[in-house]
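Residue numbers (UniProt numbering): 1 to 88. We put the CB at the ideal spot given by N, CA and C, even for glycine. Predicted, not measured: the structure shown is a model, and the values here were computed from it.
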């Protein structure tokens, strides 16, 4: 079977098996990049957390809409806020 990554790379079962066997032997091919702990920063500024309540049905609809857009709830809400602020 073959698979295609989001960036278009073609993977086969054979290649995945080879990688698995190499990893089980402690071999990790390639050159490691810079190791960064945690999620990537979304801003150079300090961040503030905001919270507010919505009816559960709206939260479910929000999550489904974000999922269809390929985003997390936070990413989706940030884009909505950015769009609203850009209009002003």
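| Check | Outcome |
| --- | --- |
| Nearest-angstrom Cα distance between residue 74 and residue 28? | 33 Å |
| Pop quiz: residue 12 and residue 2 are said to be a contact at Cβ under 8 Å. What is the actual Cβ separation, rounded to whole angstroms? | 5 Å |
| Helix or strand or just coil, what does DSSP make of residue 31? | coil |
| Below 9 Å between beta carbons: does that hold for residue 69 and residue 76? | yes |
| Let me check understanding here. Comparing Cα to Cα, which of 46, 62 and 34 lies closest to residue 53? | 62 |
| If distances are taken between C-alpha atoms only, which option among 48, 41, 17 and 72 comes closest to residue 59? | 72 |
| Residue 88 to residue 46, Cα distance in whole Å? | 23 Å |
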